[in-house]
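**Student:**
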Amino acid sequence: MSRPGGKTLYALLGVSPTASQPELDAAFLTLQKQLQEVVLDARQRDERLSQLEAAYQQLSNPLRRSVYDASLAKGQASTVQLPSSQAKAAKMLDMGRGPSLGLIALAVLVVFGALYLFFVYRQQALLSDFRSDAMGAQQRAMQRQEEILRAQEAAYNGTPEEQAAQKAAWEAERLEREARREQEQREREFDQWNNQVENEQQRAEREQQRKERERERELEQEKRAAEHQEEIDRRTAEARVERDRLSLMQKFLSEGRYRDAREIAKTEYELSQIERAEKYGR
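Its first residue numbered 397, the sequence shown is counted upward by one per residue in my numbering.
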């Protein structure tokens with residue numbers, strides 16, 4: 397797909413190497429829309445769209461993007477060479493891309509500003525509601541305390557039936573409070589368990605990513621070692637063949653088989669040796 401002199405994946409999408417995921421998404425969607433409007437030939441449009449999708453998919457994957465950034469820093473990154481039939485369409489896309497991306501950046505800033513204002517307003521509203529709830533809870537607690545005191549006074553001065561009914565009400569209220577505390581405790585334990593499960597899943601994902609990176613490094617090292625061994629084997633084989641050839645040529649010379657010796661000779665020096673041996677009858 398690549399060859400020297402082409403575009404990097406960032407240049408193909410029209411973003412900087414530090415672009416965030418929202419910027420990649422916006423650039424890809426904009427280029428898709430412009431591609432439908434500018435490129436009329438279906439085959440050219442499909443080829444261009446395939447290149448854009450491949451670049452977008454690679455840069456949207458954090459692991460593949462980090463590998464690409466590392467190769468880009470070393471000057472070994474893959475580039476995309478546009479076919480000559482797409483040159484005009486690519487130029488038109490590049491011309492329209494700048495203003496569109498500028499508008500997108502402005503829209504993103506406006507959205508972030510609106511979100512920030514909404515967040516501040518929401519925080520103030522939550523704080524106000526919290527204060528109101530706290531004051532209301534305090535007032536209800538005071539009213540409840542007064543009711544309890546009045547009920548205790550009435551129970552102390554009431555009939556045995558009234559006293560028994562009041563004690564039953566207090567016991568029911570106590571049981572309700574205990575049940576509520578137990579429910580809250582169960583909810584807290586469930587939240588702790590859920591958080592523990594999420595943390596374990598995240599650790600497992602990070603461990604899997606680490607193993608994948610190590611495996612990639614091991615495969616690269618194995619590939620380099622295999623290539624190095626192949627080169628050593630090739631040179632060893634060439635040296636062995638050369639030794640056998642020289643030994644055979646010397647054998648032919650010693651046996652006076654000069655014609656056979658000439659057939660396996662490679663250099664002018666070897667031919668001159670054969671002529672000299674033939675001349676002097678060696």
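Ideal Cβ positions, reconstructed from N, Cα and C, are used throughout, including at glycine.
Quick check on Gly652: buried or exposed, where buried means 16 or more other Cβ atoms within 10 Å of its Cβ?
**Tutor:** Along the sequence shown, read from residue 1 onward, the residue named residue 652 stands at position 256. Exposed: under 16 other Cβ atoms inside 10 Å.
**Student:** Tell me where the alpha helix (DSSP H) around Asp437 begins and ends.
**Tutor:** As a first step, residue 437 is located in the sequence shown; it is residue number 41 there, counting from the start. Unbroken run through Asp437: none, as it is neither H nor E.
**Student:** Quick one: is Thr663 buried, meaning 16 or more other Cβ sit within 10 Å of its Cβ, or exposed?
**Tutor:** Locating residue 663 in the sequence shown gives position 267, where the first residue counts as 1. By the 10 Å Cβ count, Thr663 comes out exposed.
**Student:** Using 9 Å as the threshold, is the C-beta distance between Pro413 and Asp465 below it?
**Tutor:** Residue 413 sits at position 17 when you count from the first residue of the sequence shown. Residue 465 sits at position 69 when you count from the first residue of the sequence shown. The answer is yes: Cβ separation under 9 Å.
**Student:** DSSP three-state call for Leu403: helix, strand or coil?
**Tutor:** As a position in the sequence shown, residue 403 is number 7, starting the count at 1. In the sequence as presented, Leu is not what sits at residue 403; that position holds Lys. Strand at Lys403.
**Student:** Quick one: what's got a C-beta closer than 7 Å to Arg658's C-beta in the same chain, skipping five residues either side?
**Tutor:** On the sequence shown, residue 658 is found 262 positions in, with the first residue counted as 1. Leu667 and Ile670.
**Student:** Does the separation of the CB atoms of Leu448 and Arg609 fall below 9 Å?
**Tutor:** Taking the sequence shown and counting its residues from 1, the one referred to as residue 448 is at position 52. Taking the sequence shown and counting its residues from 1, the one referred to as residue 609 is at position 213. In this structure, Arg609 does not lie closer than 9 Å to Leu448 by Cβ.
**Student:** Given a cut-off of 9 Å, decide if Ala673 and Leu644 are closer than it, judged by their beta-carbon atoms.
**Tutor:** Residue 644 sits at position 248 when you count from the first residue of the sequence shown. Residue 673 sits at position 277 when you count from the first residue of the sequence shown. No, Cβ-Cβ distance for Leu644 and Ala673 is not below 9 Å.
**Student:** Can you check which of these residues, Ala415, Arg613 and Glu616, is closest to Leu455 by C-alpha distance?
**Tutor:** What you label residue 455 is simply residue 59 of the sequence shown in a count that begins at 1. Of the candidates Ala415, Arg613 and Glu616, the one whose C-alpha sits nearest the C-alpha of Leu455 is Ala415.
**Student:** Taking just the CA atoms, how far does Leu523 sit from Glu616?
**Tutor:** Counted from its first residue, the sequence shown places residue 616 at position 220. Counted from its first residue, the sequence shown places residue 523 at position 127. So the alpha carbons of these two residues sit roughly 56 Å apart.
**Student:** Among the residues of its own chain, which have a CB less than 6 Å from the CB of Ala451, if the five just before and after it don't count?
**Tutor:** Reading the sequence shown from its first residue, position 55 is the one you call residue 451. So the list reads Leu405, Leu408 and Leu409, once near-sequence residues are dropped.
**Student:** Since I believe Leu431 is in contact with Leu445 (beta carbons under 8 Å), could you give me their beta-carbon distance rounded to a whole number of angstroms?
**Tutor:** Looking up residue 445 in the sequence shown gives position 49. Looking up residue 431 in the sequence shown gives position 35. The Cβ separation is near 6 Å, so the contact holds.
**Student:** Using three-state DSSP, classify Gly509 as helix, strand or coil.
**Tutor:** The residue you call residue 509 lines up with position 113 of the sequence shown. Helix at Gly509.
**Student:** Which residue comes first and which comes last in the alpha helix (DSSP H) that contains Lys662?
**Tutor:** Position 266 of the sequence shown, counted from the start, is the residue given in the question as residue 662. Counting along the chain, Lys662 falls outside any alpha helix (DSSP H), and DSSP gives it neither H nor E.
**Student:** Where Val593 and Ala600 are concerned, what is the direct C-alpha to C-alpha distance, given to the nearest angstrom?
**Tutor:** The residue given as residue 593 occupies position 197 in the sequence shown. The residue given as residue 600 occupies position 204 in the sequence shown. Rounded to the nearest angstrom, the two C-alpha atoms are 10 Å apart.
**Student:** Kindly indicate which three-state DSSP category Thr414 falls into: helix, strand or coil?
**Tutor:** By one-based count along the sequence shown, residue 414 stands at place 18. Three-state DSSP puts Thr414 in coil, outside helix and strand.
**Student:** Scan the region 592-678 and note each continuous alpha helix (DSSP H) run of 4 residues or more that stays entirely inside, going in chain order.
**Tutor:** 654-660 and 664-675
**Student:** Can Arg641 and Ile660 be called in contact, C-beta distance under 9 Å?
**Tutor:** Here the question's residue 641 lines up with position 245 in the sequence shown. Here the question's residue 660 lines up with position 264 in the sequence shown. Taking 9 Å as the Cβ cut-off, Arg641 and Ile660 qualify as a contacting pair.
**Student:** Would you mind stating whether Val411 and Leu420 have Cβ atoms separated by less than 9 Å?
**Tutor:** The residue given as residue 411 occupies position 15 in the sequence shown. The residue given as residue 420 occupies position 24 in the sequence shown. Yes; because the gap between Cβ atoms is below 9 Å, this pair is in contact.
**Student:** Please state whether DSSP places Lys429 in a helix, a strand or coil.
**Tutor:** The sequence position of residue 429 within the sequence shown is 33, counting from 1. DSSP places Lys429 in helix when its eight states are reduced to three.
**Student:** Within its chain, find whatever has a CB closer than 7 Å to the CB of Glu543; leave out the 5 residues flanking it on each side and keep chain order.
**Tutor:** Against the sequence shown, residue 543 aligns to sequence position 147. Here the set comprises nothing.
**Student:** What whole-angstrom Cβ distance do Lys403 and Thr475 have, given they're in contact under 8 Å?
**Tutor:** Counted from its first residue, the sequence shown places residue 403 at position 7. Counted from its first residue, the sequence shown places residue 475 at position 79. Correct: roughly 6 Å between the Cβ atoms.
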